[in-house]
Amino acid sequence: MLQASGLAVNGRRVAIVAGIRTPFARAGTVLRSLSAIELGRLCVAELVQRSGLDRNDVDLLVFGTVVPSVQAPNIAREVSLIPHLAKGVQAFTVSRACASANQAITDAADQILLGHADCAIAGGAESLSNVPILHSRGFADALVAASRAKSLGARVQALAKLRPRDLVPITPAIAEPTTGETMGESAEKMAKLNHVPREEQDQFALRSHRLAHAGTHDGRLTAEIMPVWPPPRFEPVSADNGIREDSTIEKLRELRPVFDRRYGTVTAGNSSPLTDGAAAVILMSEEKARALGIEPLAYIRSYAYAALDPAEQLLMAPVLAAPVALARAGLSLGDIDLVEMHEAFASQVLSNLRGLDSDAWAARAGVRQPVGEVDRARLNVMGGSIAIGHPFGATGARITTTLCNELARRGGQFGLMTVCAAGGMGFAMVVER
Ligand SMILES: CC(C)(COP(=O)(O)OP(=O)(O)OC[C@H]1O[C@@H](n2cnc3c(N)ncnc32)[C@H](O)[C@@H]1OP(=O)(O)O)[C@@H](O)C(=O)NCCC(=O)NCCS
């Protein structure tokens, strides 16, 4: 067993104590009546209740979201204002695209390391059923002019300038602001550049569904999910609804490519779906956990972020972050018992796996040796975002909880997680037990 020499400041280490999430539901389905704030509140309330924490034990709440509410942009503060937490709890919101919950977790961990907090809740939420629909510039200008008009006539005159095209609403696109490329187009590009054939992507997607179904069926994933009773019918939702136990390779092969209809390989079947959900973890200083008599699930050993040009290979930066996180942990891939890799697209996971085993990417990451070939038997052992779903702001906390729980179940010592994110960003973290 390797010695603990993880992330520590003045002898303080950060323990991951517990984690929970709502069911993850395909956008527009069973959780559509709940906003991200409501999903986050339900999740955090359940987490505090299940852990038995006193409301005064929690010092800090950090939450991530990618598509924030225009009316309440600091989701963390709104989530923190539940009866289960003291009103004096500090709360701030972070955004790092699909790694937002990871950013929340590492920011909270840093606060604990600094001694500014002893106990924090960190996670994220997303409701892709409730994305803000925007007005066009012309419509907005006319409304502002009308609201400033001094007379009824002037108001009518301002509104009379509107043309039918001004009334067309604008929905947020999952596209890079700098390049205009959508995530799916980036996934297509990565499949081509890294030579990832359609069949390999479909087989990986099938694996994701099979393993997620097995984890749900035997209760390992179910144990991480709290039931939710969404209005207006208040019927319980207690399982992810994107996992397809009936998916077959034949069905996956039949699906038409979505983002490059002619020559593409990325389909609805080998992409993560648009999803609603929330997830959160409790972090504590080692001393606080000991004082409360809590046995931590794991400790944070190291983490790293990386970024590359979004115009290059948008979802490849985990390949740059993972070697740095491993080096900071003083470990190599051979020491790692389990790997959790966020699955935005099968083509991205398979590209990332190729990159981790490549000399060229190792050189770019500034390390001498590539990380190596990830043993598939240790990778996403209960499936991943392709099957389970991907509420952008929440996924990082889901992966953290799953990695820690499964590591404990298997009696493993070290776990590695990676998350790719829009903007060409990537995240990696090593946890230890
Ligand atoms: C890919 C995407 C456009 C597909 O959206 P969609 O068309 O609404 O997807 P659907 O769930 O309706 O699936 C389309 C079809 O594929 C089928 N399908 C999807 N997954 C399947 C599977 N695993 N097995 C068999 N069939 C499957 C569906 O049954 C459906 O068939 P139907 O049209 O006969 O009903 C959407 O999920 C998306 O944008 N994903 C990417 C999200 C993203 O960019 N995330 C950022 C990552 S960081």
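Residue 285 in the numbering used here sits at position 271 of the sequence shown; the count goes up by one each step and never skips. Ideal placement from N, C-alpha and C gives every residue a C-beta, glycine not left out. The structure presented is a predicted model; accordingly, all values stated were derived computationally and were not measured.
Closest by C-alpha distance to residue i, when choosing among the options
i, options, result
"N284", "L297, G291, R221", "R221"
"D71", "G78, V103, Q117", "V103"
"D180", "I188, R151, I34, E190", "R151"
"A139", "E420, L166, N366, T289", "T289"
"T36", "P211, A219, L45", "L45"
"A343", "L297, L367, V444, G426", "V444"
"G291", "T281, L364, G407", "G407"
"A219", "A360, G278, A115, V28", "A360"
"H231", "D124, D254, V76", "D254"
"D260", "L225, A50, V23, D349", "L225"
"I296", "G137, A228, L345", "G137"
"V491", "A172, A282, A156, A294", "Any answer about residue 491 is impossible in this case: the structure gives the chain only from 15 up to 447."
"E195", "E326, D389, R368", "E326"
"G438", "P178, S165, N366, G25", "N366"
"C57", "F38, T43, L207", "F38"
"Q383", "G348, T416, T415", "G348"
"A50", "L142, V272, I413", "L142"
Exposure of residue i, with buried meaning 16 or more beta-carbon neighbours within 10 Å
i, result
"T262", "exposed"
"K175", "exposed"
"W243", "exposed"
"G307", "exposed"
"R110", "buried"
"Y319", "buried"
"Q427", "buried"
"P287", "buried"
"R27", "buried"
"V158", "exposed"
"I89", "buried"
"H209", "exposed"
"L340", "buried"
"G66", "exposed"
"K265", "exposed"
"I184", "exposed"
"D323", "exposed"
"D216", "buried"
Proximal residues to residue i (C-beta, below 7 Å), its chain only, five neighbours per side dropped
i, result
"R55", "V93, I96"
"D132", "D73, I126, M298, S299, K302"
"D121", "V76, V108"
"V395", "L225, L352, E420"
"P245", "S47"
"S448", "Outside the displayed range of the chain (15 to 447) lies residue 448, so it cannot be described from this structure."
Neighbourhood of residue i by C-beta, 8 Å cutoff - its chain only, sequence neighbours within 5 removed
i, result
"N419", "G33, R234, A237, E238, L311"
"P186", "V81, V145, P146, L148"
"A460", "The first residue shown for the chain is 15 and the last is 447, placing residue 460 beyond what the model contains."
"P250", "P241, V242, W243"
Expected contact under 8 Å - CB spacing of residue i and residue j to nearest Å
i, j, result
"A435", "A113", "4 Å"
"M355", "L393", "6 Å"
"G256", "A401", "6 Å"
"S316", "L21", "6 Å"
"E199", "L364", "Not a contact, Cβ separation roughly 17 Å."
"L370", "V381", "Wrong, their Cβ atoms sit about 11 Å apart, outside the cutoff."
Cβ shell of residue i (< 6 Å), same chain only, five flanking positions each side left out
i, result
"M197", "I188"
"A29", "M298, E300, A303, P310, Y313"
"L173", "A156, A160"
"W375", "V333, G369"
Proximity test, Cβ basis, 8 Å: residue i and chain B
i, result
"F106", "In the structure shown, chain B cannot be found, because there is only a single protein chain."
Report the start-end ranges of each alpha helix (DSSP H) in the region 342-403 that is 4 residues or longer and not cut off at the edges. Correct list: 360-370, 373-379, 399-402.
Which whole runs of the beta strand (DSSP E) in the region 96-144 are 3 residues long or more, in chain order? 104-108, 133-141
Which ranges would you report for the alpha helix (DSSP H) in the region 203-274 if only whole runs of at least 4 residues count? 212-231, 263-268
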